[in-house]
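Asks: Residue numbers (this note's numbering), protein chains in the order written: chain A, 1 to 364; chain S, 365 to 542.
Here's what the structure looks like:
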């Protein structure tokens with residue numbers, strides 16, 4: 001296990017679960033384990049903690065999820081041209097600590113790192129989805145409210161997921177991560193149905209903002225390793241941060257990536273500019289007051305979020321899109337949380353409908 | 365004046381202005397020359413509560429981004445000039461906040477100037493106005509026509525047609541072709 005835990009809590013009824021047994025087997029002996037009647041009691045911010053959100057990341061709660069596992073991406077909105085991503089919430093929060101992370105706002109009242117003992121119930125939801133979908137394909141990811149692989153060495157959830165998805169033609173699993181925790185993946189044949197994606201940032205952003213993550217070079221090396229093991233790979237340049245020198249650094253990063261992973265073997269790329277609600281911005285600045293990446297030329301925009309002012313943001317998108325285009329392969333690409341007009345500016349064409357792009361990305 | 369005296373005066377000013385406790389804490393956490401330099405400015409320009417908050421936030425963000433102290437920022441010639449200029453304290457306070465915003469958003473300011481120059485170069489009649497998005501926070505250009513007759517409308521549309529190359533250039537700049 002690469003990430004430290006202060007404590008583990010097991011909700012009543014979960015102690016005999018396969019997940020709890022795996023966690024107990026892998027846990028260092030000095031981490032205290034407490035059994036609780038209701039996980040909500042220990043998932044809230046701890047009174048007296050100087051950094052309640054950071055404190056929550058080091059408390060692992062094994063609980064039963066009482067709400068559906070599958071949902072449309074919470075970032076989706078009719079204002080944006082979305083990618084049709086479906087989110088499977090098998091965990092909540094992340095042991096890494098990126099200064100810009102939206103979870104600082106989204107999980108502010110519920111920051112403990114939760115994993116759901118009944119996660120295999122999500123498989124029934126997925127089977128119902130495809131049973132009613134008349135042959136449509138879906139891209140389903142576990143990396144929205146948590147990193148897909150950060151605690152895989154103790155939960156082993158990826159193995160169950162890959163075996164489930166490998167047997168279903170109309171579902172593609174996306175494991176999204178900033179780690180290089182790929183050991184479990186290398187032992188399973190994904191049968192072409194699993195995509196592993198990495199968020200990539202230049203070294204300057206990694207060093208300044210992406211605490212406890214694997215380095216960009218390590219992420220790219222991990223991508224190469226899973227590609228060789230039969231997985232598809234994709235990359236998210238999100239958040240793009242328009243710091244001085246960003247253009248040069250992003251091009252160098254893409255060059256480094258393309259040296260290791262040929263363009264024609266990349267399933268897709270996504271890009272999304274740094275965006276923060278005022279509340280998130282306040283929380284991030286409070287937790288990371290010395291991070292210059294949080295002090296870019298961001299202005300309040302019509303959707304109520306701070307974003308890099310539009311021409312600069314779009315100029316950076318264009319630079320990246322053109323660099324990938326020069327690589328010679330038609331890599332599918334989309335923008336996250338941007339309206340259709342921005343797609344038009346960057347790619348020279350209007351985006352397709354979310355359902356259509358979701359299907360394309362699932363099959364790419 | 366020693367550091368304790370300065371801190372006492374900062375606390376007095378903060379109480380007088382009802383500065384939020386988080387901002388007072390931030391002010392007192394600055395290095396000693398920065399604490400004093402900001403106090404001098406706040407007193408000389410008689411910054412009001414909102415101005416104090418904006419100035420503290422803006423200075424902090426510039427300091428973090430540029431890896432400099434707040435004292436070093438306030439010592440820049442353009443800011444010293446404003447602090448020592450003749451004129452009323454409120455007008456100098458407004459000028460100071462504008463100058464800080466320019467330092468905080470250098471590329472935005474430059475882009476806005478370029479776009480304004482493009483708009484100006486079109487030499488449009490007064491009955492056609494082009495409004496750039498606030499803080500260039502979107503890609504939307506607003507074109508307004510003021511007419512009182514169909515003939516006037518036809519004439520303005522013809523003018524817009526003649527200026528299409530320049531207008532396209534502005535729209536492309538807003539779309540990131542910079």
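A virtual CB, placed ideally from N, CA and C, is assigned to each residue, including glycine.
Being a predicted model, the structure only gives us computed values, none of them experimental.
#1: Taking just the CA atoms, how far does residue 36 of chain A sit from residue 462 of chain S?
#2: Between residue 540 of chain S and chain A, is the shortest Cβ-Cβ distance under 9 Å, so that the two count as touching?
#3: Anyone know if the C-beta pair for residue 339 of chain A and residue 306 of chain A falls short of 9 Å?
#4: So which residues on chain A does residue 475 of chain S lean against when the C-beta distance must stay under 8 Å?
#5: Residue ranges of each alpha helix (DSSP H) run of no fewer than 4 residues wholly in the segment 230–309 of chain A, ordered along the chain?
#6: Apart from the five residues on each side of it in sequence, which residues of its chain come closer than 8 Å, Cβ to Cβ, to residue 245 of chain A?
#7: Compare the C-alpha of residue 142 of chain A against each of A/127, A/206, A/69 and name the closest.
#8: Quick one: list the residues of chain A neighbouring residue 502 of chain S, beta-carbon separation under 7 Å, in chain order.
#9: Roughly how many whole angstroms lie between the Cα atoms of residue 247 of chain A and residue 273 of chain A?
#10: What three-state label does DSSP hand residue 62 of chain A in the structure shown?
#11: Determine the DSSP secondary structure at residue 71 of chain A, reduced to helix, strand or coil.
#12: In angstroms with no decimal places, state the Cα-to-Cα distance between residue 431 of chain S and residue 526 of chain S.
#13: Nearest to residue 33 of chain A by alpha carbon, out of A/318, A/276, A/11, A/192?
#14: Tell me the residue span of the alpha helix (DSSP H) that contains residue 368 of chain S.
#15: Between which two residues does the beta strand (DSSP E) containing residue 31 of chain A stretch?
#16: Just checking my contact of residue 159 of chain A with residue 172 of chain A at CB under 8 Å: how many whole Å lie between their CB atoms?
#17: Would you report the Cα separation of residue 354 of chain A and residue 77 of chain A, rounded to the nearest angstrom?
#18: Apart from the five residues just before and just after residue 162 of chain A, which ones in its own chain have a Cβ nearer than 6 Å to its Cβ?
#19: What's the gap between the Cα of residue 66 of chain A and the Cα of residue 498 of chain S?
#20: Verify whether the separation of the beta carbon atoms of residue 370 of chain S and residue 419 of chain S is less than 9 Å.
#21: Whose C-alpha, out of A/262, A/237, A/285, A/250, is nearest the C-alpha of residue 270 of chain A?
#22: Taking the beta carbon of residue 178 of chain A as the centre, do at least 16 other beta carbons fall within 10 Å, making it buried, or is it exposed?
#23: Measuring straight from C-alpha to C-alpha, what distance separates residue 59 of chain A and residue 507 of chain S?
#24: Using the three-state DSSP reduction, which class does residue 116 of chain A fall into: helix, strand or coil?
#25: Answer with yes or no whether the minimum CB distance from residue 294 of chain A to chain S is below 9 Å.
#26: Who are the Cβ neighbours of residue 291 of chain A in its own chain at under 6 Å, not counting the five residues just before and after it?
#27: Which two residues bound the contiguous alpha helix (DSSP H) that contains residue 340 of chain A?
#28: What's the C-alpha gap between residue 139 of chain A and residue 329 of chain A?
#29: Excluding the five sequence neighbours on either side, which residues of its own chain have a C-beta within less than 8 Å of the C-beta of residue 304 of chain A, listed in chain order?
#30: Anyone know if the C-beta pair for residue 147 of chain A and residue 71 of chain A falls short of 9 Å?
#31: What does the Cβ neighbour count give for residue 114 of chain A, buried or exposed, with the cut at 16 atoms within 10 Å?
#32: I need the DSSP call for residue 452 of chain S, collapsed to helix, strand or coil.
#33: What does DSSP give as the partner residues of residue 198 of chain A in its beta bridges?
#34: Enumerate in chain order the residues of its own chain whose CB-to-CB distance from residue 223 of chain A is below 6 Å, with the five nearest sequence positions on each side excluded.
#35: Against chain S, with Cβ distances strictly below 9 Å, would residue 147 of chain A count as a contact?
#36: With which residues is residue 141 of chain A paired in a DSSP beta bridge?
Replies: According to the structure shown:
#1: Roughly 55 Å separates the two Cα atoms.
#2: Answer yes: the Cβ-Cβ gap between residue 540 of chain S and chain A drops below 9 Å somewhere.
#3: no
#4: 309, 311, 312
#5: 246–260, 278–287
#6: 204
#7: A/69
#8: 301, 302, 310
#9: 13 Å
#10: strand
#11: strand
#12: Between residue 431 of chain S and residue 526 of chain S, the C-alpha separation is close to 48 Å.
#13: A/11
#14: 367–381
#15: Looking at the DSSP string, residue 31 of chain A is not in any beta strand (DSSP E), and its letter there is neither H nor E.
#16: Not quite, the Cβ-Cβ distance comes to about 17 Å (not below 8 Å), so this is no contact.
#17: Distance between the alpha carbons of residue 354 of chain A and residue 77 of chain A: 11 Å.
#18: 188, 190, 194
#19: Per the coordinates, the alpha-carbon of residue 66 of chain A lies some 44 Å from the alpha-carbon of residue 498 of chain S.
#20: no
#21: A/237
#22: buried
#23: 55 Å
#24: strand
#25: At least one chain S Cβ lies under 9 Å of residue 294 of chain A.
#26: 99, 208, 209
#27: 340–347
#28: So the two alpha carbons sit approximately 22 Å from each other.
#29: 277, 278
#30: no
#31: buried
#32: coil
#33: A/177, A/235
#34: 198, 233, 261
#35: no
#36: Listed as beta-bridge partners of residue 141 of chain A by DSSP are A/87, A/174.
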